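Student:
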Amino acid sequence: MDADNFTVTDEDMVRLPRSYTIEQYGYDPHKLALTFDDGPDPVWTPKILDVLKQYHVKAAFMVIGEEAQNNIGLLQRYVREGHEIANHTFTHPDISEISQRQLELELNWTERLFAAETGIQPLYFRPPYSIDQEPDTNDEAAPAYRIQQMGYTIIGDKIDTDDWNEHPHKSPQEITDSVLQQLDDMKTHPWMRGSIILLHDGGGNRAATVAALPLLITTLRAKGYEIVPVSELMGKTTAEVMPPISPKMRWQARIDWVAFFFFSFFANFVVDIFFIGDVLMSARLILVGIFATIDRIRKRRIPPGVYEPQVAVLIPAYNEEKVIVRTIRSVLKSDYANLRVIVVDDGSLDRTFDVAREAYPKEIEEGRLLVLTKLNGGKAEALNLGLNHVEEEIYVGIDADTVIARDAVSKLVRHFADERVGAVAGNAKVGNRINLWTRWQALEYITSQNFERRAMDLFNVVTVVPGAIGAWRTSAVKKAGCYPVNTVAEDADLSMSLLEDRYKVIYDDHALAFTEAPATARSLMRQRFRWSFGILQAVFKHRGAARTNRAMGFFALPNILVFQILLPLVSPFIDIMFAFGVIQFLVDKHYHPETANAATVEKLLVYFLGFLLIDFMTSLLAFSLEPRHPANKGDGWLLFHVWLQRFSYRQIFSIVLFRTLKRAVEGRPFNWEKIERTARMSRHTEKIAAGD
């Protein structure tokens with residue numbers, strides 16, 4: 102330095118600058134420490150701990166937080182039996198490929214799990230895959246430096262047993278010989294010196310490790326080596342490298358314990374629900390398929406003789422101007438002779454009443470058609486007004502948007518020759534297959550609603566006679582108090598009332614009716630909202646049915662409660678957990694393929710694919726059981742929609758059920774939900790409507 106003008110005149114560099122300085126310590130030529138990576142594993146860790154206990158060896162376990170969370174008992178056993186534990190990250194990523202923030206999260210989450218479950222704060226850390234524990238470049242040294250700044254001591258592994266290599270598995274003698282060879286090499290290669298042996302108690306099949314441990318321990322001792330904890334190599338005690346958490350941290354640890362508990366519980370609970378749900382739904386599909394097949398094959402006994410009583414056809418209508426004429430025409434074209442039609446207009450805002458009267462003046466004059474009107478009060482009140490004008494022994498109820506087959510009434514009425522029959526459900530099918538939504542509903546009617554009615558028919562406990570088409574014994578209905586006005590699924594409620602009165606409620610799949618289904622997702626949700634709410638009301642209202650009708654109380658109603666309400670309600674969580682499980686496995690497979698556990702995902706996929714296969718086979722069976730009819734032409738093509746329809750419907754109905762429960766809790770009234778009519782029907786259905 103020039104003192105006059107303060108300029109540098111010369112410099113001398115005594116020592117080259119270094120970004121990082123790497124120091125290694127702990128080597129003792131007479132002492133060795135056993136360390137185990139990637140546990141705890143529910144299969145192999147207990148066996149390894151048993152061997153260590155038998156030979157009085159204390160080891161160090163490099164714990165993956167994610168595995169520890171799933172095996173808390175084993176984590177606590179490590180500590181309870183005097184072993185040392187180390188932070189091995191939470192998900193076992195390659196720390197050289199993740200951000201500093203993710204690295205901190207990996208370590209902190211595992212550290213907080215240790216504190217919450219064991220009350221200690223281990224100071225050891227070993228990088229997954231032993232990445233950067235002996236760095237050669239600044240990029241490799243940077244993560245190690247950050248970890249050291251967080252208060253951890255990085256534990257190396259100079260002696261690698263290669264026990265993780267499963268192709269092929271090494272024998273106990275090969276593992277032992279490998280360790281002895283590395284110990285021998287240290288005598289002539291100082292840079293290879295180390296006292297820590299790397300083994301594994303998780304991350305794969307560790308049978309080789311379990312088998313090798315007794316021979317390895319006894320051989321090393323016979324060679325004069327002392328097997329000690331890692332802390333002894335550092336000149337410390339186990340208590341010093343695994344200090345208890347401070348009093349200030351205890352409340353945080355309690356909060357963390359609660360958080361970890363609920364996270365683990367939720368994950369395991371939903372996965373269990375996934376398995377249970379799939380097993381239950383698969384078992385139900387199989388049983389329903391068996392019952393439906395038996396019902397289709399068997400010959401229902403109908404009392405001999407001619408039974409052709411006077412029959413009324415009751416049609417409630419609200420804003421049905423576009424379709425009412427078509428519906429009346431299909432009924433008047435029926436092949437059943439002793440028939441009278443009663444239309445009840447429930448205060449429509451359009452010209453439903455006038456259109457019905459203007460279209461059939463002759464039939465009204467002859468007494469074959471009666472058109473009534475009233476102030477708007479709901480479907481049940483409209484039906485009850487119609488019932489006041491029913492003098493016939495039997496009546497058939499159909500919706501105002503429905504087209505019935507010519508022989509539908511005849512097929513229904515014949516069953517009432519048996520005085521124990523209170524109602525007969527017809528086979529409702531979608532007549533307007535004009536877009537994807539209506540085709541999916543056509544598929545649902547065949548594979549779900551009608552398929553299930555077949556199974557219930559075997560036990561004479563059909564719980565829902567559809568408003569689209571169903572026949573009723575007039576005296577039984579009036580005895581039950583007519584249509585209930587305090588529920589919105591009046592057909593289901595009345596059907597259950599007849600069952601409680603010990604009447605048979607059965608199904609005739611040859612009595613066909615074609616209804617106009619909602620053509621948009623919004624209108625479909627509105628319709629199903631009403632249906633599900635009404636079904637929930639009816640089930641609650643008839644919850645004590647087992648006292649008078651065991652088949653209904655112990656079979657039919659639980660079937661509705663479990664498979665139409667509870668399981669669909671939790672299905673979104675099942676789907677989310679399934680997706681989460683698959684994504685988590687793929688992430689694990691990317692970051693640490695050797696330790697990624699595919700068992701859970703494989704089980705999920707097996708159950709899921711198994712359910713899809715059973716679902717498809719039962720859907721195929723449902724189609725094969727349907728009666729042949731010109732209007733059913735092309736039904737087979739609907740099978741190509743099965744899986745897409747199931748996934749789409751599953752989400753829609755879950756939303757509907759949540760809304761249903763919300764409405765039930767709120768206790769708000771329910772109006773007669775009315776979907777917008779298009780008056781469009783499929784070509785084959787139009788022919789039926791025209792009487793062809």
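Heads up, the sequence shown is in my numbering, so the first residue is 102 and it goes up one at a time.
From the three backbone atoms N, C-alpha and C, an ideal C-beta is built for every residue, glycine too.
All values derive from a computational prediction rather than experimental measurement.
Here's a check: name, in chain order, each residue in its chain whose Cβ is nearer than 7 Å to the Cβ of R507, leaving out the five neighbours to either side.
Tutor: If we look at R507 and ignore the five residues flanking it on each side, its Cβ neighbours are K434, S435 and D436.
Student: Between the stretch 208-227 and the stretch 328-348, are three or more C-beta pairs nearer than 8 Å?
Tutor: Verdict: yes, contact present.
Student: From which residue to which residue does the beta strand (DSSP E) around G527 run?
Tutor: Run containing G527: V522 to V531, per the beta strand (DSSP E) assignment.
Student: Compute the Euclidean distance between the alpha carbons of D264 and G166, then round it to the nearest angstrom.
Tutor: Taking the straight line from one Cα to the other gives about 22 Å.
Student: How should P269 be labelled, buried or exposed, when 16 other C-beta atoms within 10 angstroms of its C-beta is the threshold for buried?
Tutor: It is exposed - the Cβ of P269 has fewer than 16 other Cβ atoms within 10 Å.
Student: Within the stretch 541-604, note down every full beta strand (DSSP E) run reaching 3 residues or more, in order along the chain.
Tutor: Runs found: 570-574.
Student: Can you look up N439 in the DSSP assignment and give me helix, strand or coil?
Tutor: It is coil, neither helix nor strand.
Student: Which residue comes first and which comes last in the alpha helix (DSSP H) that contains P417?
Tutor: No alpha helix (DSSP H) contains P417, which is instead part of the beta strand (DSSP E) from V412 to A418.
Student: How long is the line joining the alpha carbons of L726 and D609, rounded to whole angstroms?
Tutor: Near 12 Å, if we compare the C-alpha coordinates of D609 and L726.
Student: In or out: F552 buried (at least 16 other Cβ within 10 Å) or exposed?
Tutor: It is buried - the Cβ of F552 has at least 16 other Cβ atoms within 10 Å.
Student: Note down the Cα distance separating S783 from Q170, rounded to an integer number of angstroms.
Tutor: So the two alpha carbons sit approximately 57 Å from each other.
Student: Does G295 pass the burial test, meaning 16 or more other C-beta atoms within 10 Å, or should it be called exposed?
Tutor: It counts as buried.
Student: Taking only the alpha-carbon atoms, compute the straight-line gap between Q250 and L224 and give it to the nearest angstrom.
Tutor: Going from the Cα of Q250 to the Cα of L224 covers about 12 Å.
Student: With a threshold of 8 Å between beta carbons, is V578 in contact with chain C?
Tutor: No chain C appears in the structure shown, which is made up of a single protein chain.
Student: Could you tell me if Y121 is buried or exposed, where buried requires 16 or more neighbouring beta carbons within 10 angstroms of its beta carbon?
Tutor: Exposed: under 16 other Cβ atoms inside 10 Å.
Student: With H, G and I counted as helix, E and B as strand and the rest as coil, what does DSSP make of N188?
Tutor: Three-state result, N188: strand.
Student: Check T453 in the structure and name its three-state DSSP category.
Tutor: In the structure shown, T453 sits in a helix (DSSP, three-state: H, G or I).
Student: Could you check whether the stretch 530-540 touches the stretch 575-584, counting it as contact only if at least three pairs of C-beta atoms, one from each stretch, sit closer than 8 Å?
Tutor: No, the stretch 530-540 is not in contact with the stretch 575-584.
Student: Helix, strand or coil: which one does DSSP assign to L476?
Tutor: Here L476 sits in coil by DSSP.
Student: What does DSSP give as the partner residue(s) for F162 in the beta ladder?
Tutor: F137 and I186.
Student: Take Y708 and list the residues in its own chain whose beta-carbon comes closer than 8 Å to its own, dropping the five residues that flank it on each side.
Tutor: Answer for Y708: F375, F376, D379 and V380, listed in chain order.
Student: What are the start and end residues of each continuous beta strand (DSSP E) run of 3 or more residues lying completely inside the stretch 289-360, in chain order?
Tutor: The qualifying runs are 297-301.
Student: Considering only residues of the same chain and omitting the five flanking positions on each side of D502, which have a CB-CB separation below 8 Å?
Tutor: Hits under 8 Å: E421, V424, T428, T616, E617 and R778.
Student: Could you pull the start and end residues of the alpha helix (DSSP H) that V497 belongs to?
Tutor: No alpha helix (DSSP H) holds V497; the beta strand (DSSP E) holding it covers I495 to I499.
Student: Considering only DSSP beta bridges, list what F712 is partnered with.
Tutor: Beta-bridge pairing links F712 to no other residue.
Student: Among all the DSSP beta bridges, which residues are the ones paired with A614?
Tutor: Bridge partners of A614: I505 and A529.
Student: Quick test of the definition: if touching needs 3 or more C-beta pairs under 8 Å, does the stretch 469-488 touch the stretch 524-531?
Tutor: Flag = no, the stretch 469-488 and the stretch 524-531 do not touch.
Student: Cβ of S755 within 8 Å of Cβ of L662?
Tutor: Result no, Cβ atoms of S755 and L662 do not sit closer than 8 Å.
Student: Would you mind sorting Y126 into buried or exposed? The rule is 16 or more other CB atoms within 10 Å of its CB.
Tutor: Answer is exposed; the Cβ neighbour count stays below 16.
Student: What whole-angstrom Cβ distance do V504 and A614 have, given they're in contact under 8 Å?
Tutor: With 8 Å as the limit, V504 and A614 qualify as a contact, their Cβ atoms being about 7 Å apart.
Student: Considering only the beta carbon of each residue, do I740 and L758 sit closer than 8 Å?
Tutor: What sits at residue 740 in the sequence shown is Leu, not Ile. Cβ atoms of L740 and L758: not closer than 8 Å.
Student: Thinking C-alpha only, which one of E112, T719 and T761 is nearest E545?
Tutor: The shortest C-alpha separation from E545 is found at T719.
Student: Quick check on I425: does DSSP put it in helix, strand or coil?
Tutor: The answer is helix: DSSP assigns I425 an H, G or I state.
Student: According to DSSP, simplified to helix, strand and coil, what is T394?
Tutor: Helix at T394.
Student: At a cut of 8 Å, does the stretch 462-481 reach the stretch 381-390 through at least three beta carbon pairs?
Tutor: Not touching, per the Cβ criterion.
Student: With which residues is Y225 paired in a DSSP beta bridge?
Tutor: For Y225, which the question treats as bridged, DSSP gives the partners T254.
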